[in-house]
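J.:
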Amino acid sequence: LTVFKDGGAVSSVMSFYFKDEVIPYYGGSLAAARSLMANDFMYWELIRRACDREIRVFDYGRSRVGTGSYRFKKHWGFEPEPLHYQYHLVRQKEMPDLSPGNPKYKMAISAWKRLPTALTRIIGPLIARGLPG
Numbered sequence: 004l005t006v007f008k009d010g011g012a013v014s015s016v017m018s019f020y021f022k023d024e025v026i027p028y029y030g031g032s033l034a035a036a037r038s039l040m041a042n043d044f045m046y047w048e049l050i051r052r053a054c055d056r057e058i059r060v061f062d063y064g065r066s067r068v069g070t071g072s073y074r075f076k077k078h079w080g081f082e083p084e085p086l087h088y089q090y091h092l093v094r095q096k097e098m099p100d101l102s103p104g105n106p107k108y109k110m111a112i113s114a115w116k117r118l119p120t121a122l123t124r125i126i127g128p129l130i131a132r133g134l135p136g
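Quick note, the numbering used here runs 3 ahead of the 1-based positions in the sequence shown.
1. Pick helix, strand or coil for alanine 131, following the three-state DSSP scheme.
2. Looking only at DSSP bridge pairs, what is lysine 8 linked to?
3. How far does the beta strand (DSSP E) with tyrosine 28 in it extend, from its first residue to its last?
4. Beta-carbon within less than 7 Å of isoleucine 50's beta-carbon, same chain only, minus the 5 sequence neighbours each way: which residues are those?
5. Looking at alanine 41: is its Cβ nearer than 9 Å to the Cβ of serine 14?
6. Just how far apart, CA to CA, sit methionine 17 and tyrosine 29?
7. Do leucine 39 and lysine 77 have their CB atoms nearer than 9 Å?
Written out as structure tokens, the structure reads:
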């Protein structure tokens, strides 16, 4: 589903349907989408279309508490349902905080955002291989 403004796409979401369930799997938008409320319109339209198809379950997927995606989903009135993770720690005594919100990663994330796209395409896959999860 894509939202257009003046002939150009501003917001889009790829969704999967299975039986009586819809899962908006991946969405993205331009910065201009915020002032247009394009994401809200897009999800409203997705829900409306799901109702037209008699879809009974709208699965927003998981989000970590306190993130922007979590707040966006709560804004739509969905009640969070805790989903638990199970980990096997091999060399550590406690679970590391790998969240992008961890202050330890703030400088690296800020630097990454400033790198030229061509460079990130080259080094990104090399870095990603070493990341957990």
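Backbone N, C-alpha and C fix where the C-beta goes; we use that ideal spot for every residue, glycine too.
T.: Quick look at the numbers:
1. Looking up residue 131 in the sequence shown gives position 128. In the structure shown, alanine 131 sits in a helix (DSSP, three-state: H, G or I).
2. Here residue 8 corresponds to residue number 5 of the sequence shown, with the count starting at 1. DSSP output for lysine 8 lists Gly11 as bridge partner(s).
3. As a working mapping, residue 28 is identified with position 25 in the sequence shown. Unbroken beta strand (DSSP E) run through tyrosine 28: 24-32.
4. The residue given as residue 50 occupies position 47 in the sequence shown. Cβ within range, chain order: Phe61.
5. Residue 41 sits at position 38 when you count from the first residue of the sequence shown. Residue 14 sits at position 11 when you count from the first residue of the sequence shown. Against a cut-off of 9 Å, the Cβ pair of serine 14 and alanine 41 comes out as a contact.
6. Translated into the one-based positions of the sequence shown, residue 17 becomes position 14. Translated into the one-based positions of the sequence shown, residue 29 becomes position 26. Whole-angstrom Cα-Cα distance: 5 Å.
7. Within the sequence shown, residue 39 is the residue found at index 36, counting from 1. Within the sequence shown, residue 77 is the residue found at index 74, counting from 1. No, the pair does not count as a contact, with Cβ atoms beyond the cut-off.
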